[in-house]
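Asker: Note that this note's numbering gives residue 193 to position 207 of the sequence shown, counting from 1, and the numbers run on in steps of one.
Heads up, the beta-carbon is just placed ideally off N, CA and C, and yes, glycines get one too.
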Amino acid sequence: MSPDHTDHTSKIVGTAWGLLILNTLGSAGAKTIVPLPRSLIQMVTMGALVAAFALALAVNLRLRIRASAFVFLLTLLLVPSVISSADLESGFGALFRCARLALFVSTLWLLSRWWDGGLTFVRHHIRMYFAVLGSVAAGLVISPGAALPELYGGRLVGALWPLTPPQIGQYAAVITGLTVLLVLGRRTTRGSAAVVVVPALVLLALTHTRTATLGLFIGLALAIGSLVLTSAAARRFFAWAVLCAAVAAVGFGSALQAWFLRGQSQENFTSLTGRAKVWDALLAAPRSASEYLLGAGLGDKSFGGLPIDNSWLAVYHEQGLTGVALVAAIIIVLGGVALLRPPSLSRACAIFLISYCAIASYTEAGLGDASPYLLHLAVAASLLAAPAEAATPLATPGVPRRRAPRWARTSEVT
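1. When burial is assigned at 16 or more other CB atoms within 10 Å of the CB, is Glu350 buried or exposed?
2. Could you name the residues that DSSP lists as bridge partners for Pro293?
3. Residues in the same chain with beta-carbon distance under 6 Å from Asp38, minus the five sequence neighbours each way, listed in chain order, please.
4. So, helix, strand or coil for Pro18, using DSSP?
5. Could you check if Phe78 is buried or exposed, using at least 16 other CB atoms within 10 Å of its CB as the buried criterion?
6. Does the segment 231 to 244 touch the segment 262 to 276, meaning 3 or more C-beta pairs lie closer than 8 Å?
7. Considering only residues of the same chain and omitting the five flanking positions on each side of Leu126, which have a CB-CB separation below 6 Å?
8. Given Thr332, which residues of its chain have a CB within under 8 Å of its CB, disregarding the five upstream and five downstream residues?
9. Between the segment 44 to 51 and the segment 59 to 70, do three or more beta carbon pairs fall short of 8 Å?
10. Please specify which runs of the beta strand (DSSP E), each continuous and at least 3 residues long, are wholly inside the segment 299 to 372, giving them in chain order.
11. According to DSSP, simplified to helix, strand and coil, what is His194?
12. Could you check if Cys84 is buried or exposed, using at least 16 other CB atoms within 10 Å of its CB as the buried criterion?
13. Using the rule of at least 16 other Cβ atoms within 10 Å of the residue's Cβ for burial, across every protein chain shown, is Pro379 buried or exposed?
14. With 16 other CB atoms within 10 Å as the buried threshold, where does Met114 fall?
15. Can you give me the Cβ contacts of Gly205 inside the same chain, cut-off strictly under 6 Å, excluding the 5 residues immediately before and after it?
16. At the level of alpha carbons, what is the spacing between Gln305 and Ala262?
17. Between which two residues does the alpha helix (DSSP H) harbouring Thr175 extend?
18. Would you be able to state if there are at least three C-beta pairs under 8 Å between the segment 138 to 157 and the segment 188 to 199?
19. Quick check: the Cα distance between Thr18 and Glu136, rounded to an integer number of angstroms?
20. Using only the alpha-carbon positions, how far apart do Val310 and Ala88 sit?
21. Is DSSP giving Thr1 helix, strand or coil here?
22. When DSSP labels each residue in this structure, what does Leu41 get in the three-state scheme?
23. Within the chosen definition, does the segment 308 to 322 reach the segment 148 to 160 through at least 3 CB pairs nearer than 8 Å?
24. What are the boundary residues of the alpha helix (DSSP H) that includes Arg113?
25. Grouping DSSP H, G and I as helix and E and B as strand, with all else coil, what is Pro152?
26. Report all residues from its chain with a CB closer than 8 Å to the CB of Phe116; omit the five preceding and five following residues, and keep chain order.
27. Express the C-alpha separation of Val214 and Asp286 in angstroms, rounding to a whole number.
28. Would you decide whether Trp100 is buried or exposed? Buried here means 16 or more other CB atoms lie within 10 Å of its CB.
29. On the criterion of 16 or more Cβ atoms from any shown chain inside 10 Å, does Ser240 qualify as buried, or is it exposed?
30. Measure the C-alpha to C-alpha separation of Phe203 and Ala16 and round it to an integer number of angstroms.
31. Can you give the Cα-Cα distance for Leu48 and Val36, rounded to whole angstroms?
32. Pop quiz: Leu189 and Val122 are said to be a contact at Cβ under 8 Å. What is the actual Cβ separation, rounded to whole angstroms?
33. Exposed or buried, Trp147, counting other C-beta atoms within 10 Å across all chains shown (16 or more means buried)?
34. Under 9 Å between C-beta atoms, does Ala275 make it to chain D?
35. Answer yes or no: do Ser70 and Ser276 have a C-beta to C-beta separation smaller than 9 Å?
36. Quick check on DSSP: helix, strand or coil for Arg83?
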């Protein structure tokens, strides 16, 4: 395969990945500067998914795929999703969401051909989410009032595309963590990393998103910890990070506490901004045996008109205990494979993504449906995939052996 053809294929794969990310941006959020009809947003996001599948199929017409426990478990997750949605208890929207999830998983299968343990999809991930954060920053510059509305308590939202503070915080935290790891692995320059990390951290601070902040720090600590024994740069960074954290805790403790509490009362904080009340109501609701096992069908991750904001309870509500077991298997399998791999930059990036998703699953939904969290885990799966074996060179066609003349043969010495 020529280098030009390889570059062209790589660009198509990167475009398909970017379209998957566009599909998972969602259609509900803050009010934008220019009002965007929900139907238009859904048309764009669903069109992006269809285009991603078409591009992935175009570059993989022979349907060559890599064995992947992650995508296989996602495929199994379709079973309880379809069965529970078929009775239309959650409306026709449930079947639509099942079709979306099926197309999403199919696209991952097609792209798995290029999962080789390298950092290609990490770079695609960073570029696309950096572009999304660029739109958020542009909205903040154009209309600070729309980007920091009172409706969200002055927290940063998407003013050009409807993005909520938790979404922006998630994207900023993920690309910050991955970029820091690339610097430690000497796969990018400090200047290039600063262009990504500095604005991402500023946007993260403006969102006041506690889950994303904790996920970033804990995920980075675990990822860098996996490199400490083999990387001097990781040891230096870890030491400086601990020192800076200690100084910040002493010198800016009150400011950090105020940022963390976001002006909430103690009762509101302990109930996780009202989430605990929704969780208690969901767990106390009566369910049939089939709902226990398979759930009520794919929905909008809400209960009683309020967001569930917990991946495990959302999966339990929509895909039952079967879905919970499959999602748990995804996290356990990816985490187990990461622990068994020898120390490397790819392994560290995978550990960061897996730990971030596990932490965020407590206060954010998305592990049971097409979402950014599944894309983060897909990148982790691509990092943990064994490198494709080099093609075995074809043997040179055998040349017929010529019979030596009798006079040239040497008689055996006895």
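Answerer: In terms of the structure at hand:
1. Indexing the sequence shown from 1 puts residue 350 at position 364. The residue in question, Glu350, is buried, as its Cβ has 16 or more Cβ neighbours within 10 Å.
2. Translated into positions along the sequence shown, residue 293 becomes position 307. Answer by DSSP bridge pairing, in chain order: Ser288.
3. One-based indexing of the sequence shown puts residue 38 at position 52. The sequence given here has Ala at residue 38, not Asp. For Ala38, where only same-chain residues beyond five positions count, the Cβ hits under 6 Å are Ala2, Leu5, Leu6 and Thr93.
4. For the purposes of this step, residue 18 is taken as residue 32 along the sequence shown, with counting starting at 1. Going by the sequence as given, residue 18 is Thr instead of Pro. In the structure shown, Thr18 sits in coil (DSSP, three-state: anything other than H, G, I, E or B).
5. Position 92 of the sequence shown holds residue 78. Exposed, because fewer than 16 other Cβ atoms sit within 10 Å of the Cβ of Phe78.
6. no
7. Along the sequence shown, read from residue 1 onward, the residue named residue 126 stands at position 140. Closer than 6 Å at Cβ, skipping near neighbours: Ala133.
8. Here residue 332 refers to the residue found at position 346 when the sequence shown is read from its first residue. The question names Thr, yet the displayed sequence has Ser at residue 332. Hits under 8 Å: Gly103, Gly104, Leu105, Leu369 and Leu370.
9. no
10. none
11. By 1-based counting over the sequence shown, the position of residue 194 is 208. Reduced to three states, the DSSP call for His194 is coil.
12. Translated into positions along the sequence shown, residue 84 becomes position 98. The residue in question, Cys84, is buried, as its Cβ has 16 or more Cβ neighbours within 10 Å.
13. Numbered from 1 along the sequence shown, position 393 holds the residue referred to as residue 379. A caution first: Pro379 carries a pLDDT of 39, below 50, which makes its placement in the model unreliable, though a value can still be read off. So Pro379 counts as exposed.
14. Within the sequence shown, residue 114 is the residue found at index 128, counting from 1. Met114 should be labelled buried.
15. Start at 1 with the first residue of the sequence shown, and residue 205 comes out as number 219. Result list for Gly205: Gly163, Phe338, Ser341 and Tyr342, in chain order.
16. In the sequence shown, the residue the question calls residue 305 occupies position 319. In the sequence shown, the residue the question calls residue 262 occupies position 276. Near 20 Å, if we compare the C-alpha coordinates of Ala262 and Gln305.
17. By 1-based counting over the sequence shown, the position of residue 175 is 189. Element bounds for Thr175: n/a, residue is neither H nor E.
18. yes
19. Looking up residue 18 in the sequence shown gives position 32. Looking up residue 136 in the sequence shown gives position 150. Whole-angstrom Cα-Cα distance: 14 Å.
20. For this step, residue 310 is matched to residue 324 along the sequence shown. For this step, residue 88 is matched to residue 102 along the sequence shown. Straight-line Cα distance between these residues: approximately 18 Å.
21. Residue 1 sits at position 15 when you count from the first residue of the sequence shown. Residue state, collapsed to three classes: helix.
22. The sequence position of residue 41 within the sequence shown is 55, counting from 1. Three-state result, Leu41: helix.
23. no
24. By 1-based counting over the sequence shown, the position of residue 113 is 127. Element bounds for Arg113: Thr106 to Ile128.
25. Translated into the one-based positions of the sequence shown, residue 152 becomes position 166. It is helical.
26. What you label residue 116 is simply residue 130 of the sequence shown in a count that begins at 1. The answer, listed in chain order, is Ile161, Val182 and Ala186.
27. Here residue 286 refers to the residue found at position 300 when the sequence shown is read from its first residue. Here residue 214 refers to the residue found at position 228 when the sequence shown is read from its first residue. Approximately 42 Å between the Cα atoms of the pair.
28. Locating residue 100 in the sequence shown gives position 114, where the first residue counts as 1. It counts as buried.
29. Numbered from its first residue, the sequence shown carries residue 240 at position 254. Exposed, by the Cβ-count rule.
30. Position 217 of the sequence shown, counting from 1, holds the residue named residue 203. Position 30 of the sequence shown, counting from 1, holds the residue named residue 16. Whole-angstrom Cα-Cα distance: 27 Å.
31. One-based indexing of the sequence shown puts residue 48 at position 62. One-based indexing of the sequence shown puts residue 36 at position 50. The sequence shown places Arg at residue 48, rather than the Leu named in the question. Those two C-alpha atoms are separated by around 19 Å.
32. Within the sequence shown, the letter at position 203 stands for residue 189. Within the sequence shown, the letter at position 136 stands for residue 122. Going by Cβ atoms, the distance from Leu189 to Val122 rounds to 6 Å, so yes, they are a contact pair.
33. Counting from one through the sequence shown, the residue named residue 147 turns up at place 161. It is buried - the Cβ of Trp147 has at least 16 other Cβ atoms within 10 Å.
34. You won't find chain D in this structure, because it holds only one protein chain.
35. For the purposes of this step, residue 70 is identified with residue 84 of the sequence shown, where counting begins at 1. For the purposes of this step, residue 276 is identified with residue 290 of the sequence shown, where counting begins at 1. Cβ atoms of Ser70 and Ser276: closer than 9 Å.
36. The residue given as residue 83 occupies position 97 in the sequence shown. If DSSP states are grouped into helix, strand and coil, Arg83 belongs with the helices.
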